[in-house]
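FYI, the numbering for the sequence shown is 1 to 518, going by UniProt numbering. Every residue gets a Cβ at the ideal spot worked out from N, C-alpha and C, and that includes glycine. Step one of this worksheet: look at the structure below.
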Amino acid sequence: MISLIFHGWINGHRHIPELDADIADYYNFVQHTKELLTKHIVLAFDSGDQTQGTGLSDQTLIPGEFIFEMLEKVPIDGFTIGNHEMYNNSCIDNIADKVQPAMKGRYITSNSHHIDPNKKLGENYKIIKVENFGSILVFGYIYSFTLYQDHANVTSVPDAIKEEWLKDVLNNNSQQFDDEYPLKLVILLVHNDPADSETDLIVNKIREYRPDLPILVLGGHTHIERIVMKDDSDQLEYRHQNGKDVRIENQLTNVTDQIVWDYSVAVDMRNSIQNKVKELKLDEIIGCSDKTYGHSKTDKINLFDLLINTIYPKVKPFGREKENSSYSNPSNTKSISTIYIYNSQSLRAPLHQGEVTQDDFLSVDPGFNTFCAFRGVTGQDMRQLMDMKYASVNYILNEEETLFSDHYLVDDEGYKLFSDKDKDDYYEYDIVTASYDCPRISQIFQRMNSSSEVGQDIKYPIHSSNIVQKQCRRKTSQVQYQQSETSLLDGSAGKSSWAVPENVSYQKIKQSKSSENL
1 MISLIFHGWI
11 NGHRHIPELD
21 ADIADYYNFV
31 QHTKELLTKH
41 IVLAFDSGDQ
51 TQGTGLSDQT
61 LIPGEFIFEM
71 LEKVPIDGFT
81 IGNHEMYNNS
91 CIDNIADKVQ
101 PAMKGRYITS
111 NSHHIDPNKK
121 LGENYKIIKV
131 ENFGSILVFG
141 YIYSFTLYQD
151 HANVTSVPDA
161 IKEEWLKDVL
171 NNNSQQFDDE
181 YPLKLVILLV
191 HNDPADSETD
201 LIVNKIREYR
211 PDLPILVLGG
221 HTHIERIVMK
231 DDSDQLEYRH
241 QNGKDVRIEN
251 QLTNVTDQIV
261 WDYSVAVDMR
271 NSIQNKVKEL
281 KLDEIIGCSD
291 KTYGHSKTDK
301 INLFDLLINT
311 IYPKVKPFGR
321 EKENSSYSNP
331 SNTKSISTIY
341 IYNSQSLRAP
351 LHQGEVTQDD
361 FLSVDPGFNT
371 FCAFRGVTGQ
381 DMRQLMDMKY
391 ASVNYILNEE
401 ETLFSDHYLV
411 DDEGYKLFSD
421 KDKDDYYEYD
431 IVTASYDCPR
441 ISQIFQRMNS
451 SSEVGQDIKY
461 PIHSSNIVQK
471 QCRRKTSQVQ
481 YQQSETSLLD
491 GSAGKSSWAV
501 PENVSYQKIK
511 QSKSSENL
């Protein structure tokens with residue numbers, strides 16, 4: 001059984017030689033394994049998130065279109081959809097119009113659908129018939145995801161498992177399994193943690209209908225690599241009610257013969273990848289890093305500290321620049337504090353020492369192309385924004401989606417974690433954040449204002465500032481001032497500036513996306 005999530009490594013890992021395999025190498029591996037182990041059942045699956053995390057996905061006209069063109073060639077037996085495929089309507093439409101037909105039943109979306117009833121993102125299930133074994137039934141679920149764009153729809157897991165088709169196929173009401181190919185195994189592709197309670201709901205429902213079947217769960221989404229075994233032996237046994245055993249062996253096959261790995265299809269794929277890299281200028285050097293910054297807060301040297309200590313304090317609230325980050329608002333004499341909201345989930349990869357290419361930047365933080373500001377947020381609204389329990393109950397059903405950020409108050413003496421206890425109703429707050437969190441925060445603010453009359457001004461319009469590309473320079477204590485245009489969602493524009501120390505190593509790229517796409 002081969003399981004994986006692509007999510008950015010289609011062109012390999014140039015900074016990590018031992019992991020520097022691309023999608024063409026993966027094609028070779030799967031194809032060779034299937035040809036070599038003819039006495040075994042060799043199946044390959046993908047558990048979602050085929051897109052985002054690489055310029056080969058994020059910089060194409062339709063997000064993910066090139067990725068899917070490559071994946072269609074790989075002999076993977078089943079895919080399911082991830083949350084990253086549903087953040088963009090053009091990606092959703094491409095899956096329905098091109099990917100799903102090209103996959104010929106391999107794209108499985110048991111609880112994800114296109115909003116157009118005449119289109120579908122994938123099949124409810126797939127049946128794989130294996131000689132001298134029987135049938136394998138494959139499902140593809142995603143957790144109760146709520147932040148999809150409006151061309152998609154996700155049925156929550158508790159509702160999806162009640163659908164009649166699931167009962168019908170497991171009970172063989174349509175006579176899809178016969179004596180020659182009886183149903184022997186269920187494989188559950190789930191874009192979720194296998195240990196999550198929603199995964200248990202699906203497994204328990206399958207068990208309710210077919211307690212005699214073994215279930216193999218292949219999970220995703222959490223970015224955690226692990227295999228959970230039920231005991232310490234080198235194989236797992238499942239004894240059926242009919243007395244028969246199914247064994248899943250945990251053994252490596254030792255192959256010592258010289259192998260020529262590259263198939264002609266793989267050679268063509270690799271050439272296509274390199275041509276696309278050149279076309280999109282993903283290998284263009286845009287800056288440099290003086291050291292390697294980890295993407296976890298637990299790393300000794302990490303991007304989190306770089307953002308909070310060095311970059312964010314230099315980003316002034318657009319159009320309200322002052323030497324100090326806290327200042328007086330002459331219009332109502334209330335004090336104004338600047339709050340920086342940071343999302344650790346937005347950092348997807350380390351920033352490695354040395355030259356930084358455009359693709360490196362997109363791999364580190366695929367959703368970060370602008371800074372955003374919300375001006376004059378009242379103390380009451382700030383309290384509601386920070387109240388995760390309030391937000392999850394009133395705005396977003398999936399609690400995970402509301403845990404978007406840490407809040408930091410930055411003043412002349414440095415920064416500190418900002419909690420609800422620090423909030424003062426006599427203050428107004430300018431919130432500065434990156435484009436990753438901007439739509440979520442805006443959504444919460446607008447829903448706070450949902451009872452207002454139609455046509456009322458947008459509450460806290462988004463002020464966005466494109467991130468300016470900065471060339472690699474030697475370390476110096478000097479400061480270079482940069483200019484950037486600031487645009488509002490209502491169409492007005494202005495200018496803002498901020499100071500950037502020349503030894504800042506986390507270089508940013510000026511993107512061509514408008515603030516409407518935040």
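Rounded to whole angstroms, the separation of the alpha carbons of residue 430 and residue 339 is 6 Å.
The C-alpha of residue 461 lies about 10 Å from the C-alpha of residue 376. Taking C-alpha positions only, residue 354 is separated from residue 66 by approximately 28 Å.
Residue 120 is positioned such that its CB atom lies closer than 9 Å to that of residue 96. Under the three-pair Cβ rule at 8 Å, the segment 154-169 does not count as touching the segment 87-94. Look at residue 145 here: in three-state DSSP terms it is coil, with no helix or strand label.
For the 9 Å CB-CB criterion, residue 138 and residue 187 form a contact. Comparing alpha-carbon positions, the option among 269, 219, 128 lying closest to residue 26 turns out to be 269. Burial of residue 350 is indicated by the presence of at least 16 other C-beta atoms within 10 angstroms of its C-beta. Residue 180 carries a coil assignment under DSSP once its states are collapsed to helix, strand and coil. Check the Cα spacing between residue 122 and each of 383, 154, 184, 207: the tightest is with 154. Scanning its chain for C-beta atoms nearer than 6 Å, with the 5 sequence neighbours on each side dropped, one finds around residue 304 the residues 297, in chain order.
Counting C-beta atoms within 10 angstroms of its own C-beta, residue 40 has fewer than 16 neighbours from the protein chains shown and is therefore classed as exposed. For residue 197, the enclosing alpha helix (DSSP H) has its first and last residue at 197-209.
In terms of CA proximity to residue 124, 107 leads the group 428, 173, 107, 432. Using a Cβ distance threshold of 9 Å, residue 384 and residue 444 count as a contacting pair. In the same chain as residue 312, and ignoring 5 residues on each side of it, the C-beta atoms closer than 6 Å to its own belong to 340, in chain order. Contiguous alpha helix (DSSP H) elements confined to the segment 49-129 occur at 55-58, 65-71, 89-94, 100-103, taking only those with 4 or more residues.
Annotation: the continuous alpha helix (DSSP H) that includes residue 23 extends over 23-36. Check the Cα spacing between residue 205 and each of 157, 134, 104: the tightest is with 157.
A check of alpha carbon separations from residue 116 across 361, 198, 89 identifies 89 as the nearest.
In the three-state DSSP reduction, residue 153 falls in the strand class (E or B). For residue 289, same chain residues with a beta-carbon under 6 Å away, outside a window of 5 residues either side, are 351, 353, 356, 505 in chain order. For residue 175 against residue 127, the beta-carbon gap comes to about 12 Å, at or over 8 Å, which does not count as contact. Burial state of residue 17 is exposed, judged by a 10 Å Cβ sphere holding fewer than 16 other Cβ atoms.
Looking only at 23, 102, 379, 87, the smallest Cα-Cα distance to residue 147 is reached by 87.
According to the DSSP secondary-structure assignment, residue 173 is paired through a beta bridge with no residue.
Residue 23 sits away from residue 82, with the two beta carbons spaced by 9 Å or more.
Proximity to residue 276 across 113, 54, 47, 33 peaks at 54, based on C-alpha coordinates.
Between residue 283 and residue 28, the alpha-carbon positions lie close to 25 Å from each other. Assignment of residue 355 by DSSP, reduced to helix, strand and coil, places it in the strand class. The three-state reading of DSSP puts residue 12 in coil, since its state is none of H, G, I, E or B.
Within the model, the alpha-carbon separation for residue 209 versus residue 161 is close to 11 Å. Closest option to residue 118, judged by alpha-carbon separation, among 151, 129, 144: 151. Cβ-Cβ separation between residue 58 and residue 220: approximately 19 Å, too far for a contact (criterion under 8 Å).
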